[in-house]
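Undergrad: Below: one structure in structure tokens.
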Amino acid sequence: MPHGAFHLWRALSIPFLLMCVCGARPAAAARGPWTEIRGVWSASPDDGLPGDTWGQACAWMDSTGLNAVFPCMIYGPLSWADAAGLVRAGGSGDPLEECIAEAHSRGIQVHVEIVMWKLGRLTAAQADSVSALMQTQVSYSGEESGWLCPTDPANRAMEIEAIASVAAAYDIDGIQLDYVRFPDGDHCFCNGCRERFQSARHIRRLDWPVDCYWGGRYSEEFREWRRDQITSLVREIGDAVERARPGTAVSAAVVPDLEEARESCGQDWARWASDGLVDFLAPMDYVSDDDSFASLLARQVAVSDVPVVVGIGVFDTGADLTEDQLLHRIEIAREERAGGFAIFHLEPGLVGMLRGVRLGARTQSEP
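Residue numbers for the sequence shown follow our numbering, so the first one is 2 and each next one is one higher.
Take a look at the structure:
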């Protein structure tokens with residue numbers, strides 16, 4: 002990967018960040034009546050469904066009654082779309098443009114999934130280049146991680162600029178932020194986080210990182226600062242998206258348990274909802290039993306001021322659901338007054354599972 006590309010977006014990103022002002026986005030409630038989202042995440046950017054075209058994938062969605070797709074088109078600094086400042090993934094054509102054309106021709110919404118910070122889909126050489134130029138997260142024990150630091154100004158500017166450029170360039174219905182958080186309570190303890198925290202809280206002497214770790218004298222303040230960092234980023238992204246393409250929905254895939262999300266991951270999604278920073282939330286309720294699923298969802302709906310589009314994990318999530326379980330969870334989502342559901346994820350097994358099933362106002366098997 003050419004180093005110059007990263008130097009370029011470093012130079013361009015800071016002015017862009019300064020352009021982001023608060024209050025540009027209208028409140029989610031002002032965007033009109035809500036229609037149930039019946040969605041599916043797609044982790045295969047090039048064709049939607051491994052081995053098939055976007056046309057085939059969208060035709061299946063339409064026949065099944067799904068009305069929204071969440072294609073992952075940005076993964077950290079890697080993009081399958083025209084996104085300013087990011088490394089363009091290999092392959093021919095423009096998979097996002099193809100997805101939009103096929104989906105919209107069938108009345109299917111397109112909410113582009115943005116996997117933030119993670120370097121996992123870069124090649125080893127690319128990841129090394131990024132790590133040499135960008136601030137990666139550091140654990141409490143001092144180990145480098147495969148995530149970029151979300152408090153670093155250049156990292157934040159990169160994300161904002163790339164997301165806004167996608168919103169400007171493509172006729173999308175929404176942007177969904179994924180991994181818009183810290184991985185856990187053991188991150189990030191890089192020197193930049195120390196300097197920015199000390200400056201923000203006017204702390205002169207700090208035993209780093211002990212004072213800010215669990216039980217340390219500044220632990221609560223540090224966790225609050227982490228939450229503020231992520232919340233301000235969500236606000237800045239929303240404002241930038243609204244300027245780029247007014248009316249575009251902004252949502253977030255979030256950690257299901259609010260306490261864990263806030264304290265360990267810096268992800269205060271209930272505040273995002275109450276402040277009107279997101280149009281809907283997608284908690285990833287990937288649990289193995291129906292009672293846990295219903296209990297989680299009921300709590301999420303109760304504390305969220307925006308619709309909850311519940312994530313249902315079918316494969317590779319610890320759930321391993323059967324067709325009957327999947328259909329029952331969709332019914333639970335409706336009973337709990339969720340704003341819809343999103344299935345993880347689009348793959349041949351899901352197509353086979355839902356063959357002959359129509360997901361409409363009610364879930365029923367067609368003869």
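Note that CB positions come from ideal geometry on N, CA and C, so glycine has one too.
From a predicted model like this one, the values you see are computed outputs, not experimental measurements.
(1) I believe Asp280 touches Val251 by the beta-carbon criterion, under 8 Å. Please report the beta-carbon distance rounded to the nearest angstrom.
(2) With a CB to CB cut of under 8 Å and the five nearest residues on each side skipped, what residues in its chain are close to Thr249?
(3) Hey, how far is the Cα of Val256 from the Cα of Asp95?
(4) Where does Asp291 fall in DSSP's three states?
(5) So for His329, helix, strand or coil by DSSP?
(6) In whole angstroms, what is the alpha-carbon distance linking Pro210 and Trp118?
(7) If you check the beta carbons only, do Ala283 and Glu337 fall under 8 Å apart?
(8) Rounded to a whole number of angstroms, what is the C-alpha to C-alpha distance between Trp35 and Gly340?
(9) Using the beta-carbon count (16 or more within 10 Å), is Pro349 buried or exposed?
(10) Restricting to runs no shorter than 3 residues, where is the beta strand (DSSP E) found entirely within the region 88 to 156?
(11) Is it the case that the Cβ atoms of Val88 and Ser80 are separated by a distance below 8 Å?
(12) Check whether the Cβ atoms of His346 and Trp148 lie closer than 8 Å to each other.
(13) Report yes or no: is there a C-beta of chain B within less than 8 Å of the C-beta of Val111?
(14) Can you list, in chain order, the residues of its chain with a C-beta nearer than 8 Å to that of Val352? Leave out the 5 residues immediately preceding and following it.
(15) Residue range of the alpha helix (DSSP H) that Gln199 falls in?
(16) With distances taken between CB atoms, is the gap from Ile231 to Tyr219 smaller than 8 Å?
(17) Given a cut-off of 8 Å on the beta-carbon distance, is the pair Asp179 and Glu114 in contact?
(18) Any idea if Glu261 is buried or exposed, counting beta-carbon neighbours within 10 angstroms, 16 or more meaning buried?
(19) Would you please state the rounded distance, in angstroms, between the beta carbons of Gly40 and Ala343? I believe it to be under 8 Å.
(20) For Cys150 and Ile109, which I take to be in contact (beta-carbon distance under 8 Å), what is that distance rounded to the nearest angstrom?
(21) Can you list, in chain order, the residues of its chain whose CB lies under 6 Å from that of Thr54, leaving out five sequence neighbours each side?
(22) Would the beta-carbon of Phe183 fall within 8 Å of that of Cys189?
(23) Sort out for me which residues DSSP pairs Gly175 with in a bridge.
(24) Name the DSSP beta bridge partners of Ala69, please?
(25) Thinking Ser146 and Gln136 are a contact (beta carbons under 8 Å), I'd like their distance in whole angstroms, please.
(26) Can you name the start and end residues of the beta strand (DSSP E) that Phe281 belongs to?
(27) Name the two residues that bound the continuous beta strand (DSSP E) containing Arg359.
(28) Which residue or residues does DSSP assign as beta-bridge partners of His188?
(29) Tell me the start and end of each unbroken alpha helix (DSSP H) in the region 211 to 270 that is at least 4 residues and wholly inside, in chain order.
(30) Please classify Ser275 as buried or exposed, where buried requires at least 16 other C-beta atoms within 10 Å of its C-beta.
(31) Below 6 Å CB to CB, which residues in the same chain sit around Ala90 once its five sequence neighbours on both sides are set aside?
(32) Applying the 10 Å Cβ sphere with the 16-neighbour rule, what's the burial state of Pro46?
(33) Note down the Cα distance separating Gly143 from Gly52, rounded to an integer number of angstroms.
TA: This is what the structure holds:
(1) Yes, Asp280 and Val251 are in contact; Cβ-Cβ is about 6 Å, under 8 Å.
(2) Excluding sequence positions up to five before and after Thr249, its CB lies within less than 8 Å of the CB of Ala168, Ile173, Asp174, Gly175, Ile176, Val242, Glu243, all in the same chain and listed in chain order.
(3) For the pair Val256 and Asp95, the Cα-to-Cα distance works out to about 31 Å.
(4) In the structure shown, Asp291 falls within a helical segment according to DSSP collapsed to helix, strand and coil.
(5) The answer is helix: DSSP assigns His329 an H, G or I state.
(6) Approximately 22 Å between the Cα atoms of the pair.
(7) No, Cβ-Cβ distance for Ala283 and Glu337 is not below 8 Å.
(8) So the alpha carbons of these two residues sit roughly 8 Å apart.
(9) Flag for Pro349 reads exposed.
(10) If we require 3 residues or more, the beta strand (DSSP E) runs fully inside the region 88 to 156 come out as 110 to 116, 137 to 139, 145 to 149.
(11) Yes, the pair counts as a contact, with Cβ atoms nearer than the cut-off.
(12) No, the pair does not count as a contact, with Cβ atoms beyond the cut-off.
(13) Structure shown: chain B not included; a single protein chain is present.
(14) Only Leu50, Trp61 meet the Cβ criterion.
(15) It spans 192 to 202 - the alpha helix (DSSP H) in which Gln199 sits, taken as one unbroken run.
(16) Judged by beta-carbon spacing, Tyr219 lies beyond the 8 Å limit of Ile231, meaning their Cβ atoms are not closer than that value.
(17) For Asp179 and Glu114, yes; Cβs fall inside 8 Å.
(18) Under a 10 Å Cβ-count criterion, Glu261 is classified as exposed, with fewer than 16 other Cβ atoms of the shown protein chains found around its own Cβ.
(19) With 8 Å as the limit, Gly40 and Ala343 qualify as a contact, their Cβ atoms being about 4 Å apart.
(20) For a cut-off of 8 Å, the C-beta gap from Cys150 to Ile109 is around 36 Å, too long to register as a contact.
(21) Excluding residues within five positions, the ones whose Cβ falls inside 6 Å are Asp48.
(22) Taking 8 Å as the Cβ cut-off, Phe183 and Cys189 qualify as a contacting pair.
(23) DSSP, once it has assigned bridges, lists His112, Ala250 as partnering Gly175.
(24) DSSP lists Gly40, Gln110 as partners of Ala69.
(25) That pair is no contact at about 11 Å.
(26) In this chain, the beta strand (DSSP E) harbouring Phe281 covers 281 to 284.
(27) Membership of Arg359 in the beta strand (DSSP E) is indicated by the continuous run 358 to 360.
(28) Per DSSP, Ser140.
(29) Correct list: 220 to 245, 259 to 266.
(30) By the Cβ-count criterion, Ser275 is exposed, with fewer than 16 other Cβ atoms from all chains shown falling within 10 Å of its own Cβ.
(31) Result list for Ala90: Leu79, Trp81, in chain order.
(32) Pro46 is classed as buried because its beta carbon has at least 16 other beta carbons within 10 Å across all chains shown.
(33) If you draw a straight line from the Cα of Gly143 to the Cα of Gly52, it is about 42 Å long.
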